[in-house]
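Enquirer: Everything in the sequence shown is counted per my numbering, starting at 5 for the first residue and increasing by one.
Quick one: the structure is below, and I'll ask about it shortly.
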Amino acid sequence: MYRKIWNRFKATVSFWQIWALPGAAVIGLVIAARLTGSLQGLEWFMLDTYLRLRPPEPEDDRIVLVGLDTADLQKTGYPIPETALVNLLNTLQTYRPAVIGLHIFQSQIARSQNTNLFTALNRPQNVMVMEKIFPASDQIPPPLGFPESQVGFADIVPDSDNHLRRAMLGAYDPINSQVYKRSLIIRLAEAYLVSRDSTLTLQNGIRDREAMRFGATEIPRLFSSSGGYVGAETGEPQTLLNFRTGVHPFRMLSVRQIQAKQFDPAWLRDRIVLVGITDPTIRPNIDTAATSPTNSLEIQAHSISQIISAVQNQRLLLDTWTDPWEYLWIVAWGGLAILLGHSNLAPRTKLLILALMQVGLLLGGYLLLLLLGWWIPIVPVTLVWLLIGIGYTAFYKYDWVLRSRLRENQRLIAERQRTLEQTFNVIHNGPLQTLASLLRRMRDTPLPQAQILTILEGLNAELRGLGDHLKQEILTQEESLYLRGGLKLNLNVPLHELFYEVYCNTLEQSELSQFKALKVACHFDPIAPLTLPPEQRRELCRFLEEALCNIGKHAEGTTHLVVSGTLNNNWYTLQLTDDGPGLQSPVEGEGTKYAKKLALHLKGRFKRESLSPHGTLCELKFPLTRRPTS
5 MYRKIWNRFK
15 ATVSFWQIWA
25 LPGAAVIGLV
35 IAARLTGSLQ
45 GLEWFMLDTY
55 LRLRPPEPED
65 DRIVLVGLDT
75 ADLQKTGYPI
85 PETALVNLLN
95 TLQTYRPAVI
105 GLHIFQSQIA
115 RSQNTNLFTA
125 LNRPQNVMVM
135 EKIFPASDQI
145 PPPLGFPESQ
155 VGFADIVPDS
165 DNHLRRAMLG
175 AYDPINSQVY
185 KRSLIIRLAE
195 AYLVSRDSTL
205 TLQNGIRDRE
215 AMRFGATEIP
225 RLFSSSGGYV
235 GAETGEPQTL
245 LNFRTGVHPF
255 RMLSVRQIQA
265 KQFDPAWLRD
275 RIVLVGITDP
285 TIRPNIDTAA
295 TSPTNSLEIQ
305 AHSISQIISA
315 VQNQRLLLDT
325 WTDPWEYLWI
335 VAWGGLAILL
345 GHSNLAPRTK
355 LLILALMQVG
365 LLLGGYLLLL
375 LLGWWIPIVP
385 VTLVWLLIGI
395 GYTAFYKYDW
405 VLRSRLRENQ
415 RLIAERQRTL
425 EQTFNVIHNG
435 PLQTLASLLR
445 RMRDTPLPQA
455 QILTILEGLN
465 AELRGLGDHL
475 KQEILTQEES
485 LYLRGGLKLN
495 LNVPLHELFY
505 EVYCNTLEQS
515 ELSQFKALKV
525 ACHFDPIAPL
535 TLPPEQRREL
545 CRFLEEALCN
555 IGKHAEGTTH
565 LVVSGTLNNN
575 WYTLQLTDDG
585 PGLQSPVEGE
595 GTKYAKKLAL
605 HLKGRFKRES
615 LSPHGTLCEL
625 KFPLTRRPTS
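In structure tokens form, the structure reads like this:
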């Protein structure tokens, strides 16, 4: 028991040393590369690719953009006169929008001496204005006259590759850390949702208390190591941007269209109206790899749209797994690659599985993002999967070739060994028996020269015929059995019939034919429904022939011989019993050694023993199995 446990332990250690440790090293290196941020750019690229491949969505008509383009600014002037801006906002108010967001910095407005934007506005309570709070040295305050509840910051946080993938929802003022500020997108989303349902006010999350929530919809918070990010600055609540797809995600109107009333008034009623500068010389476009470069006004619209769409339409918000699940996912794929490399599949099959699984991984990552909003690790898993899979397959192919050659050599050696054994058995049961009989008779009584020549000529003919038969059998793989006297048997006949033919021929050709008054009893149970391969049939017939020859050679004075083959519960017992003197020597002969080897090969049992008071028992017992039909 302890030896089995020790052998199993050694096999496990050997497996880890040869197969698992190199794979574990690759997994460790990939994880280390991910932790240091070396894979961050590739993971961003994969996220952007998936977002671009999503099917187009319909236009979100709940948000209308009013952009001051180059022609509008040439007409009004820049900075924008405060009176022109007030007139535009008052004109928009006549169409009863749910909320208006002014996406224009105070520094971009030319104030009049005697007025301010707040006092001259109609319905000022539904107007939200913006400020800039980061960095502290470059803050831009909001337009004067608006309460804090109508002010939101519009700072954006591009990643290190200057592409925007996340939105800020709230932050502490970097100058006064006791003051917590909300973003313009949160102000506008809350105002619009409350106008539709008074219960949809902004609250703390349930699953994550630091997150923001509207009703049952909790906005997933982005952490410093979420998804492919490494060490991201996320001290303030941020979320991944789930950009709306489609050529025209939002309706865009110019100031000229508003003034000329070239639009449907229903477009603005109960909508979120965002007013901002779209002139790229003043507000440059922002790179977002998930969409084409777009202006900051549309970025705000995408951010608002993803929140209100999640609350009202259950549109997915992007989220990531926690770190333990992500790294367990990477290790699991690495373990699967190790097992695939350790399998006995052909290298071509392994490469096919590698390719199919890689396609499945890429497709699975896309479907998880599309259907569940999960951004899962694809790049590190791909590296682990391909590096281990291809590396192990290449090594295994070399090892597989060596093992194939070794198996081929072993097969050739086994074939040669079987040929030698077969040749020895044929010679041992035929010519050697004849020669041994001749020598014994010459020792007992001098034989006439003519008789000796006759026996030797017969022996010569037998040897030549035996050589021709063996040569033919090896060249043609002939399924036949060659017996003494030139008898040739077809090995495809039922086994019990073969036994009977061998029995009859051996009694006639061996020294048993010289025993006077020998009484023989013979019976073989039919076993036609069950069979063995031809090679095993040949070996069994040789065993029966050798056992009968031994009786004729050693059991002098035998008067009774019983030969039987009995079938019981799919076990066949081939038994020979005589009343001779019994075993004369404790040393095993070649025939006994061969019989034991045959029993081991057949998964059976063999015994040869003396009987009391005299006689010998020779018995071979072996199982029979039904041979599969072709």
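Don't be surprised by glycine CBs; every beta carbon is placed ideally from N, CA and C.
#1: Tell me the DSSP secondary structure of T629 in three-state form.
#2: Leaving aside the five residues before and after H618 along the sequence, list all residues of the same chain whose C-beta is less than 8 Å from its C-beta, in chain order.
#3: Contact defined as beta carbons within less than 8 Å: I believe I31 pairs with G338. What is the distance between those atoms, to the nearest angstrom?
#4: Name the residue from I382, T40 and D73 whose alpha carbon lies nearest to the alpha carbon of R287.
#5: Between the C-alpha atoms of L170 and D52, what's the straight-line distance to the nearest angstrom?
#6: So who's on the other strand from Q242, going by DSSP bridges?
#7: Consult DSSP for K79 and reduce its assignment to one of helix, strand or coil.
#8: In the DSSP assignment, find the unbroken alpha helix (DSSP H) run with D327 in it and report its ends.
#9: By DSSP, does K601 sit in helix, in strand, or in coil?
#10: Whole angstroms is fine: what's the gap from P530's alpha carbon to Q588's?
#11: Counting Cβ pairs, one atom from each stretch, are 3 or more of them under 8 Å apart for the segment 294-313 and the segment 347-367?
#12: Using C-beta distances below 7 Å, list every residue in its chain close to F127, excluding the 5 sequence neighbours before and after it, in chain order.
#13: So, at 6 Å on beta carbons, what are the nonlocal neighbours of T249 in its own chain, with the 5 sequence-adjacent residues on each side left out?
#14: Restricting to Cα atoms, I'd like to know which of L360, G232 and L206 is closest to L192.
#15: Give me the Cβ distance between R66 and R319, rounded to the nearest whole Å; I'm assuming they're in contact under 8 Å.
#16: Which one of R56, R546, M216 and A341 has the shortest CA to CA distance from F247?
#17: Taking 8 Å as the limit between beta carbons, can you name the residues of its chain near M134, skipping five residues before and five after?
#18: Would you call the segment 540-558 in contact with the segment 588-608, where contact means no fewer than 3 C-beta pairs closer than 8 Å?
#19: Determine the direct distance from the alpha carbon of L391 to that of A24, and round the result to whole angstroms.
#20: Taking 8 Å as the cut-off, decide whether the C-beta atoms of P538 and E501 are in contact.
#21: Find the nearest neighbour of D327 within the set L624, P381, L358 and L628, judged by alpha-carbon distance.
#22: For N94, report the span of its alpha helix (DSSP H) as first-last.
#23: Quick check: the Cα distance between G593 and L580, rounded to an integer number of angstroms?
#24: Do R273 and Y99 count as a contact pair if the criterion is CB distance below 8 Å?
#25: If we ignore side chains and look at the alpha-carbon of each, how far apart do E550 and L355 end up?
#26: What's the C-alpha gap between H306 and P351?
#27: Could you tell me if K607 is buried or exposed, where buried requires 16 or more neighbouring beta carbons within 10 angstroms of its beta carbon?
#28: Between L499, V566, G561 and L522, which has its C-alpha nearest L536's C-alpha?
#29: By the 10 Å Cβ neighbour count, where 16 or more other Cβ atoms means buried, how is C622 classified, buried or exposed?
#30: What would DSSP say about I311, mapped onto helix, strand or coil?
#31: Buried or exposed for T282, going by 16 or more other Cβ atoms inside 10 Å?
#32: Looking only at C-alpha atoms, which of N289, T221 and Q304 sits nearest to M132?
#33: Relative to the alpha-carbon of T87, which residue among I113, A75 and L552 has its alpha-carbon at the smallest distance?
Expert: Working from what's here:
#1: It is a strand residue.
#2: So the list reads D583, G584, P585 and G586, once near-sequence residues are dropped.
#3: Taking a contact as a CB-CB distance under 8 Å, the pair I31 and G338 counts as one, their CB atoms being some 4 Å apart.
#4: Nearest in C-alpha terms to R287, of all of I382, T40 and D73, is D73.
#5: For the record, residue 170 in the displayed sequence is Arg; it is not Leu. Pairing R170 with D52, the inter-Cα distance amounts to about 12 Å.
#6: Answer is M172, bridged to Q242.
#7: Under the three-state reduction of DSSP output, K79 falls in the helix class.
#8: Per DSSP, D327 belongs to the alpha helix (DSSP H) from D327 to H346.
#9: In this structure, K601 counts as helix in the three-state DSSP scheme.
#10: Those two C-alpha atoms are separated by around 34 Å.
#11: Result no; under three Cβ-Cβ pairs closer than 8 Å.
#12: According to the sequence shown, residue 127 is Arg rather than Phe. The residues are Q97.
#13: Excluding positions up to five away in sequence, the list reads R58, P60 and E61.
#14: The closest CA to that of L192, considering only L360, G232 and L206, is found on L206.
#15: Not confirmed; about 12 Å, so no contact.
#16: With distances taken between Cα atoms, F247 lies closest to R56.
#17: If we look at M134 and ignore the five residues flanking it on each side, its Cβ neighbours are G105, L106, H107, I108, F109, P146, V155, G156, F157, A158 and L188.
#18: Judged by Cβ distances under 8 Å, the segment 540-558 makes contact with the segment 588-608, as three or more pairs qualify.
#19: Roughly 13 Å between the two C-alpha positions.
#20: A distance of 8 Å or more separates the beta carbons of P538 and E501.
#21: Distance from the Cα of D327 is smallest, within the candidate group L624, P381, L358 and L628, for P381.
#22: Per DSSP, N94 belongs to the alpha helix (DSSP H) from E86 to Q97.
#23: Cα-Cα distance, rounded: 17 Å.
#24: For the 8 Å CB-CB criterion, Y99 and R273 form a contact.
#25: C-alpha of E550 to C-alpha of L355: approximately 54 Å in a straight line.
#26: Taking the straight line from one Cα to the other gives about 49 Å.
#27: Exposed.
#28: Among L499, V566, G561 and L522, the Cα nearest to that of L536 is on L499.
#29: By the 16-neighbour rule on beta-carbons within 10 angstroms, C622 is buried.
#30: In the structure shown, I311 sits in a helix (DSSP, three-state: H, G or I).
#31: The residue is buried, with at least 16 neighbouring Cβ atoms inside 10 Å.
#32: Answer by Cα proximity: Q304.
#33: Comparing Cα positions, the closest option is I113.
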